[in-house]
Amino acid sequence: MKNIIFFFLLLSATANAQENKPYEMMVNGVKVIVVPSGNEIVQIDMVIKGGVQNYTADKAGIEKLAMTALTECGTMKRSKNDFKNALDEVDAKMYAYTGRDAAHVQLNCIKGDFETAWPLYAEALTAPKFDAKEFARIKEEALNALREEESNPDAALRKMAMQTAFKGLDYAKSPNGTVETIKALTPAATKAYLQSTLTRSRIFIVVVGDIAKEDLQKKMTAFTANLPQGKPFLLKRTAYTPKAHSFVAQKKDVATNYIMGFSGAPDPTSKDYYPATLASGMFYDKAFLEVRTNNGLSYAPAAYISGGLTPFSTMYVTTKEPDKYIAVARNMVDNLKKNGFPADDVKNTKNTYANYQYYNNETNQSLAGMVASAELNQGAWRKAFTLKEDLAPITPADVNRVFNKYISNFTWVYQGDTSKVNQKLFIQKETPPLPAKDTKAF
Amino acid sequence: MKKMILLLAAFGAVSSWAQPRLPKDYYWQKLDNGLEVVVIENHKVPLATIEIAVRNGAYTEGPEYSGLSHLFEHMFFKANKDYPDQEKFLKRTQELGAIWNGTTGDERVNYYFTFDKDSLEAGLNFMNAAIRYPIYREEDMQKERPVVDGEFQRAESDPGFLLYYEMGKRVWGDLFTRKNAIGDHDIINSATPAKMMVIKDKYYLPNNSILVICGDVVPQQAFALAKKIYGDWKPSEWDPHIKYPIPEFQPIAKTDYFIKESSIAKNPQIMMAWQGPDTRNDSAATIAADVFSKVLSLNSSKWQQALRDKGLATAADVSYQTNKYVGPIGIFVTPIPGKLKECYTEVMNQVKHWGDADYFSDAELAKAKAGLKREQIRRNEKPSSLASQLTYNWTSTSLDYMTDYFSAMDKVTRADIQRYISKYITGKPYVAGMIINKEMNDQYKPGDYFKN
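These protein sequence lines are chains A and S, in that order. Quick note: to get the working numbering, add 65 to the position in the first sequence (first position is 1). Quick note: to get the working numbering, add 27 to the position in the second sequence (first position is 1).
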């Protein structure tokens, strides 16, 4: 008898085997990407493609409210409180993030709680109620969040930069909306919006965790069967290339000055993308060295690429000496364009990125984010695991060519003491001379 | 089993030290110079993380050193005998492919590097040069002072920090510098190499530090490297915390309210704080505090129902910070501006009832404990973060406290939580602060009711 039970257990384990390598499956036309993790956590990330492409400017904020309503406005089976209490029962976390390229609805739970948490997640997505009283509450919360965004100096600066650089383009729309657009939203219109975008044609799902393949397939099949097919959807990709330097300043009573500049960047699907990624890492290191170490101008100089559907490069700083900063920054760019990045730096940065790849693999949430980003932006989720290989053939010449090609004009925005900044230095064609040593400012 | 025997043999040389209790796959040694070394074996990814933590930070700072533990932490990354300027230092981090940083808190300063597992020895040597043989030049300090002050100014650009900072002054009184790691602008901007050396000589000692090596490492090899590289680090003949004792915080004398106007606060924020327990005097209450804070985070709690569910606030958080020297208990609320008075009134009403026998249910108590355990599973997910979690406990609790935490938490009863509330909150003086912009201050007039 004991042997028979053992045999059945073995059979069951074989039929419902746990894969140990990442794989994908199509379920009702929806791509489900699965990454076994070998740990006690399960992370789900359902991605609704499109983001700001899905609504007009006068409806900005609608996707955010729709996503918030999933967990905050009840379901057809449970009140909001019953739903949230059930999640709390197993300390499961259900988050929604609304970005410019996509909305993400995420679940994070302990593996042993997945059988409890998954039905709640599926219920919120397939049978949301949009209770009017709760909707009124989350609207007030969304308005408060807009005020918080304005209170946070980095968030406010980024919002200003996005609206300035991408004026007239989709990226100028803020996923958080505006006071006017949020106030105008109704439960019915927001629910209708959700129904039009939460469709099999627009989504893919990332699962990071050790769930047996057959179990997962069964759950995903039942879940996606409850979603409408929707219209075919094609993501739009837009290039961003500022035609000239520009500068916009806003007076703000903050303790230092906040500066952000956008320039071009390659599309994540292009051959220039990986050289640009390396250039961005080295450019960050160079900014740290020149702006912080050698000139003591800032705690937080930064440079990075946003590799989304409208890719762009960013330079960022907070400083008491904006004129000195821009002289140092522009001379640094000129120098790199003229002399290029050293071969040694290219080699070292490849190693650092390889370590970052492992570092980001340490948590299921981070890993799911990398997989979702690769699928959304590059159309190839396996790219999340091949950074080391993708960077290996890149030469210093590749990096220098790409840096010269994309880093050109910058759209600058500034918040702080407007009397401290000479905007000419940001927009003039000629690079300003480096300040003499030991001068505090121009 | 074979592995266990090998480990026991390797650790036999240090058997004269009392071993702390540790979780599975954590190993401890104390070198002859007093440096504690912990190795955490975790093979999830092929990386190694090394961290050194020092019992230094705000709590060691009188007014004349306010913010200098933090400046010292920055100077760690500047120059040393092997890498005599920051350009060479940074170049070495790039060669190692290192992910690195340092932090300064109230009771700990820590430095950490993550790199590929094969760079462990190189990384330990790199850390050794920086921590034992730093070089402080006036010209380097001239450049780093505005960097550190710039970090301060960034914080001061955030209304939440402005409120927190003002709260701190009032909660800690004359000893505010002992809880204010970011420091004082004037002290930062006038710091000298001589002051850096004072900090180094007082606190940067093997008998005041811990080295943690974690990740894809072999414990025996890691311990051997630690001994080889750090074994000749000269200790002091005294315990710095006995020679330079931390003064005791005085209780808040009387309840204190303030309203701070700020044009950058686009919505009002409220904070309240009490002086809470600490791990020297009442470690049981520190655990009860964590459980109670978790109870209040539950959607079903009376606290969340009264404030969030009723639409009075978009955030209503209650926290306790575990410290060795008086941990603060804090409330942080973001009210809906038009409901400011109603929100504040409800906060006070709830606090008044926190100590009631029926304030939370048995089910909520059980749910909170289970939730804390799940949070721990999540915290343990990232191997490179394990070192920092351990060193926080090493400085502010103890390794035994860390290891025994959940068995102690299981034993927390409703009576323990009521004792915590009664001893530290109900009827005790507190500080309450609000930050608000002028227009809202004029419109909602919180000064009429937000007062003692």
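Don't be surprised by glycine CBs; every beta carbon is placed ideally from N, CA and C. The structure displayed is predicted, hence computed values, not measured ones.
Three or more Cβ pairs closer than 8 Å define a contact, and the region 208 to 217 of chain S meets that threshold against the region 173 to 185 of chain S. Comparing C-alpha distances from S:Val318 to each of S:Pro50, S:Asn83, S:Leu392 shows the shortest one belongs to S:Leu392. Contact fails between the region 251 to 267 of chain S and the region 182 to 189 of chain S, because fewer than three Cβ pairs, one in each stretch, are under 8 Å apart. Under the DSSP assignment, A:Thr262 falls in the alpha helix (DSSP H) whose first and last residues are 252 to 262.
In the DSSP annotation of this structure, the continuous segment of the alpha helix (DSSP H) that includes A:Leu211 starts and ends at 197 to 216. Distance check between A:Thr460 and each of A:Pro407, A:Ala277, A:Lys96 places A:Pro407 closest, using alpha-carbon atoms only. As computed with DSSP, A:Pro458 is found in no beta bridge at all.
Per DSSP, S:Phe104 lies in no beta strand (DSSP E) segment and is marked neither H nor E. Those residues of the region 123 to 138 of chain S placed with their C-beta closer than 9 Å to a C-beta in chain A are Leu123, Gly124, Ala125, Ile126, ordered along the chain.
Only Thr141, Phe142, Asp143 from the region 141 to 168 of chain S bring a Cβ to less than 8 Å from some Cβ of chain A.
Interface residue (Cβ-Cβ distance to chain S less than 8 Å): A:Tyr479 is not classified as such. The C-alpha of S:Glu373 lies about 41 Å from the C-alpha of A:Val272. If you check the CB distance, A:Ser216 and S:Lys400 do not come in under 8 Å. In this chain, the beta strand (DSSP E) harbouring S:Ala342 covers 340 to 347.
Within the region 340 to 396 of chain S, the complete alpha helix (DSSP H) runs of at least 4 residues fall at 367 to 380.
Against chain S, the beta carbon of A:Gly361 has neighbours under 8 Å at Gln169, Lys170, Glu171, Arg172, Pro173, Val174, listed in chain order. DSSP places S:Asp59 in no beta strand (DSSP E); its state is neither H nor E.
Taking a 10 Å sphere around the C-beta of S:Thr313, we find 16 or more other C-beta atoms and assign the residue as buried.
With its beta carbon at least 8 Å from every one in chain A, S:Ile448 lies outside the interface.
In this structure S:Leu123 does not touch S:Ala249 by the C-beta definition: roughly 17 Å separates them, more than the 8 Å allowed.
In the DSSP assignment, A:Pro340 forms no beta bridge with any residue. For the 8 Å CB-CB criterion, A:Val486 and A:Leu222 do not form a contact. Residues of chain S with a Cβ closer than 9 Å to the Cβ of A:Ile127 do not exist, since the nearest Cβ in that chain sits about 19 Å away. Scanning the region 364 to 409 of chain A for uninterrupted alpha helix (DSSP H) segments of 4 residues or longer gives 387 to 404, listed from N- to C-terminal end.
In the three-state DSSP reduction, S:Tyr139 falls in the strand class (E or B).
Annotated three-state conformation of A:Lys96 is strand, per DSSP.
Comparing C-alpha distances from S:Met461 to each of S:Phe179, S:Met298, S:Met436 shows the shortest one belongs to S:Met298. Not flagged as an interface residue toward chain S: A:Pro461, since no C-beta distance is shorter than 8 Å.
Per DSSP, A:Tyr323 lies in no alpha helix (DSSP H) segment; the continuous beta strand (DSSP E) that holds it begins and ends at 322 to 329.
Straight across, the Cα-Cα distance linking A:Gln488 with A:Phe312 is about 6 Å. For S:Gly460, the three-state secondary structure derived from DSSP is strand. For A:His169, the enclosing beta strand (DSSP E) covers residues 167 to 175. At a beta-carbon threshold of 8 Å, none of the residues of chain A lie near S:Asn107; the nearest stands roughly 15 Å away. Taking a Cβ-Cβ cut-off of 7 Å, S:Gln445 has no neighbours in chain A, whose nearest Cβ is about 22 Å from it. The region 378 to 391 of chain A makes no contact with the region 432 to 444 of chain A, as fewer than three CB pairs between them are under 8 Å.
According to the DSSP assignment, A:Gln480 belongs to the beta strand (DSSP E) that extends over 476 to 481.
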